[in-house]
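Peer 1:
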Amino acid sequence: MKTIRLELTLDEINTTLEALGNLPFIKVHELISKIHQQASPQVSGTANHETAKPPGAAEE
């Protein structure tokens with residue numbers, strides 16, 4: 001099967017997952033799993049930037 005790449009915002013991914021959650025699990029569980037596998041490393045990388053301390057902030 002041919003593979004394509006999509007670029008979506010986090011909100012768009014969450015909306016897609018929400019919509020998939022309304023379908024029968026047996027039909028969508030593999031797709032949901034693939035989305036999570038591909039998105040997780042990217043989201044965790046983003047989370048590090050969002051929680052990073054500003055330059056010059058005191059270290060704990």
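If you read the sequence shown in the UniProt record's numbering, its first letter stands for residue 1, the second for the next number, and so on.
A virtual CB, placed ideally from N, CA and C, is assigned to each residue, including glycine.
All values derive from a computational prediction rather than experimental measurement.
(1) Do you know how far the Cα of Glu30 is from the Cα of Pro24?
(2) CA-CA distance, Leu10 and Val28?
(3) Is Lys53 helix, strand or coil by DSSP?
(4) Ile4 and Leu20 - do their beta-carbons sit closer together than 7 Å?
(5) Which first and last residues belong to the alpha helix (DSSP H) in which Asn14 is found?
Peer 2: A quick look at the data gives this:
(1) 12 Å
(2) 19 Å
(3) Caution is warranted here: a pLDDT of 46 is assigned to Lys53, below 50, making its placement in the model unreliable, and the coordinate value is therefore given only provisionally. Coil.
(4) no
(5) Leu10 to Leu20
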